[in-house]
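All remarks here apply to the structure that follows.
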Amino acid sequence: MGNLQKISEEHGIPRSKITSEMDCRSFNMDIIRLVYEKAITNKTALEKDIQQMINNLRQNNP
């Protein structure tokens, strides 16, 4: 939910409008694209963090 707030603040879109998109009560491709891009950014960051953790574990436990 914090990501929805960030999108709202960064793009000047009311959070209720974004939530409406997430609940499938309305359809705005621009908002859906913003949410998708945020999700992909989060996924990429998480993958990097997980890979770093795996690398650290391999170094510490040969």
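Under our numbering, the first residue of the sequence shown carries the number 1, and numbering increases by one thereafter.
Don't be surprised by glycine CBs; every beta carbon is placed ideally from N, CA and C.
Just so it is clear, the structure is predicted and the values come from calculations on it, not from any experiment.
Inset, instruction - Please report how far the alpha carbon of T41 lies from the alpha carbon of S26, in whole angstroms. - result: 24 Å
Inset, instruction - Locate the alpha helix (DSSP H) running through N42, then write down its first and last residues. - result: 29 to 60
Inset, instruction - Give the range of the alpha helix (DSSP H) segment to which G12 is assigned. - result: No alpha helix (DSSP H) contains G12, which DSSP labels as neither H nor E.
Legend entry - Cα-Cα separation between T19 and Q59, rounded to whole angstroms: 43 Å
Legend entry - Same chain, Cβ closer than 7 Å to L34, five either side skipped, listed in chain order: I7, H11
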